[in-house]
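Engineer: Its first residue numbered 260, the sequence shown is counted upward by one per residue in the working numbering. For every residue, glycine included, the Cβ atom is placed at its ideal position computed from N, Cα and C. Pasting in a structure now, in structure tokens, and then I'll have a few things to ask.
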Amino acid sequence: MTLLQIYTEVLNKLRMESADMEANIEAQIKHAINEAYKIIAGKYKQITIDYVPSIQNVVELPKNAIGAVDIDPPLDPKLDRKVGDNILTKRDDGTIFTLKYYATPEKLVNNTDEPNVPDRLVEALIIYPCYVYFVSKKRLDIASAYKAQFDEMMNGSEMVFEQGEEAIINVYGSLFN
């Protein structure tokens, strides 16, 4: 689903017609969608794979990396050390590192942007803005029902997904720490 489709579904769930809408409701709802996206991404981590070359003995780590799962070839303490957002290496063979890491999500800005979440959690991107909307209207009875529904969707084991396939894994420690 795109950001526009999610936004439209939120309006449908809120039963809003264009005539009923407040001036800044679109911005509020889209902001709440992005808040939900961050919450989901924090719990259901996305693994990204990058191929990063060593250029002048420096490997620049991706800015959206929040923790490594795997680095191939493995870092050698005699040859490699992490300094800030880089790996300094003494390898002179033009090594290309394959990095698997947790990535922070990019904010959904354009109507065509699509969140990268498991299919079963797309509904959570619709429920959470409804919760935020009713909190802003001080309708806490309705808001708490939406919050409970969102929390129920978010409960369960910590998940990691890679290229759309879900798998439960435990990752101990991070190579980037």
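To the nearest angstrom, how far is the alpha carbon of residue 346 from that of residue 362?
Structural biologist: Locating residue 346 in the sequence shown gives position 87, counting from the first residue. Locating residue 362 in the sequence shown gives position 103, counting from the first residue. When rounded, the distance between both Cα atoms is 18 Å.
Engineer: At the level of alpha carbons, what is the spacing between residue 264 and residue 413?
Structural biologist: In the sequence shown, counting from the first residue as 1, residue 264 sits at position 5. In the sequence shown, counting from the first residue as 1, residue 413 sits at position 154. Cα-Cα distance, rounded: 21 Å.
Engineer: Measure the Cβ-Cβ separation of residue 391 and residue 356 and say whether it is below 9 Å.
Structural biologist: Working through the sequence shown from its first residue, we reach residue 391 at position 132. Working through the sequence shown from its first residue, we reach residue 356 at position 97. No, the pair does not count as a contact, with Cβ atoms beyond the cut-off.
Engineer: What three-state label does DSSP hand residue 319 in the structure shown?
Structural biologist: Position 60 of the sequence shown, counting from 1, holds the residue named residue 319. Residue state, collapsed to three classes: strand.
Engineer: Using the rule of at least 16 other Cβ atoms within 10 Å of the residue's Cβ for burial, across every protein chain shown, is residue 423 buried or exposed?
Structural biologist: Working through the sequence shown from its first residue, we reach residue 423 at position 164. In this prediction, residue 423 scores a pLDDT of 35, lower than 50, which makes its location untrustworthy; the coordinate-derived value is nonetheless stated afterwards. It is exposed - the Cβ of residue 423 has fewer than 16 other Cβ atoms within 10 Å.
Engineer: Taking 8 Å as the cut-off, does the region 319 to 328 touch the region 366 to 383 (at least 3 CB pairs, one atom from each stretch)?
Structural biologist: These segments do not touch.
Engineer: Once you ignore the five residues that flank residue 260 on each side, which residues in its own chain have a CB closer than 7 Å to its CB?
Structural biologist: Here residue 260 refers to the residue found at position 1 of the sequence shown. Cβ neighbours of residue 260 beyond the five flanking positions: 373, 381.
Engineer: Start and end of the alpha helix (DSSP H) containing residue 301?
Structural biologist: As a first step, residue 301 must be located in the sequence shown, where it is residue number 42. Unbroken alpha helix (DSSP H) run through residue 301: 284 to 302.
Engineer: Grab me the residues of residue 272's own chain with a C-beta within less than 7 Å of its C-beta, minus the 5 sequence neighbours each way, in chain order.
Structural biologist: Position 13 of the sequence shown holds residue 272. Only 385, 389 meet the Cβ criterion.
Engineer: Answer yes or no: do residue 262 and residue 375 have a C-beta to C-beta separation smaller than 9 Å?
Structural biologist: The sequence position of residue 262 within the sequence shown is 3, counting from 1. The sequence position of residue 375 within the sequence shown is 116, counting from 1. Not a contact, by the Cβ cut-off of 9 Å.
Engineer: Below 8 Å, how does it come out for the region 339 to 354 and the region 303 to 322: are there three or more Cβ pairs, yes or no?
Structural biologist: At 8 Å Cβ cutoff, the stretches touch.
Engineer: Which word fits residue 378, buried or exposed, when buried means at least 16 other C-beta atoms lie within 10 angstroms of its C-beta?
Structural biologist: What you label residue 378 is simply residue 119 of the sequence shown in a count that begins at 1. Answer is exposed; the Cβ neighbour count stays below 16.
Engineer: Under a Cβ-count criterion, where at least 16 other Cβ atoms within 10 Å of its own Cβ denotes burial, should residue 269 be classed as buried or exposed?
Structural biologist: Here residue 269 is taken as the residue at index 10 of the sequence shown, counted from 1. It is buried - the Cβ of residue 269 has at least 16 other Cβ atoms within 10 Å.
Engineer: Under 8 Å by Cβ, that's how I've got residue 387 and residue 291 pegged, so tell me the actual separation to the nearest angstrom.
Structural biologist: For the purposes of this step, residue 387 is identified with residue 128 of the sequence shown, where counting begins at 1. For the purposes of this step, residue 291 is identified with residue 32 of the sequence shown, where counting begins at 1. Residue 387 to residue 291, Cβ: 6 Å. Contact.
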